[in-house]
Amino acid sequence: MNNNYFSLPFDTKSLMVNKSHDKCSIKESISHCIHLLTTSYFGECTFDDTFGCSIWNVDFDNLSSVNKIKSVIADSLLESLKNHEKRLTNVYVDVSIKQEEITQIESSVVKKKVSLKIIGKVKKTNEDFMYKEYFYIGPLSY
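Using the numbering used here, the first residue of the sequence shown is number 808, and each one after it goes up by one.
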């Protein structure tokens, strides 16, 4: 399989002096794109106000039900993937949320753990694709 895709983090300094940049596979590139979508809020990228997802919009939402938050995140992420990750087809997004206690140095904090699972097919190769990631919200961290 050709590794014709740039890996992250993107090293612009190397490219400016005509050095090569690390490459990755199409699946890794898609995973990088999904990570960028999930960690960007709408309007953050000046080139496209629709790049990102709504995890940031529900970051401190303590009033909505867990099912409502799951639905908002799943719908938003699916829409962003359809608009910005054209290399995938038959995309399915699963979101689960649970309370988790995080022990820090001198105290414990309860946060909502948002687990994402994205399943689809890579259009170019017809290979199965799966991506998993989780975040803690209130405030967002990963």
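Note that beta-carbon positions come from the ideal geometry of N, C-alpha and C, so glycine has one too.
Beta-carbon proximity list for residue i, same chain, < 6 Å, skipping 5 on both sides
| i | result |
| --- | --- |
| E940 | L923 |
| W863 | Y848 |
| V900 | A881, L884, L885 and I925 |
Straight-line Cα distance separating residue j from residue i
| i | j | result |
| --- | --- | --- |
| I926 | P816 | 24 Å |
| E908 | K918 | 6 Å |
| K830 | S836 | 9 Å |
| Y943 | V865 | 11 Å |
| L888 | Q911 | 34 Å |
| G859 | V898 | 17 Å |
Burial state of residue i (16 or more Cβ within 10 Å)
| i | result |
| --- | --- |
| V916 | exposed |
| L884 | buried |
| Y949 | Because Y949 sits at a pLDDT of 49, beneath the cut-off of 50, its placement in the model cannot be relied upon, and the following sentence gives the value as read from the coordinates. Exposed: under 16 other Cβ atoms inside 10 Å. |
The beta strand (DSSP E) enclosing residue i, as first and last residue numbers
| i | result |
| --- | --- |
| T896 | L895 to T910 |
| E835 | Per DSSP, E835 belongs to no beta strand (DSSP E); it is in the alpha helix (DSSP H), I833 to T846. |
| K820 | First-last for K820: T819 to M823, but that is the alpha helix (DSSP H), not the beta strand (DSSP E). |
Residue i - DSSP class collapsed to helix/strand/coil
| i | result |
| --- | --- |
| V921 | strand |
| E892 | coil |
| K830 | strand |
Contacting residues, own chain, Cβ-Cβ under 8 Å from residue i (five flanking each side not counted)
| i | result |
| --- | --- |
| D856 | F849 and G850 |
| K931 | I833 and R894 |
| K928 | L895, T896, N897, E934, D935 and F936 |
Contacts around residue i, its chain only, beta-carbon distance under 7 Å, and the 5 residues preceding and following it disregarded
| i | result |
| --- | --- |
| Y938 | S838, I841 and I925 |
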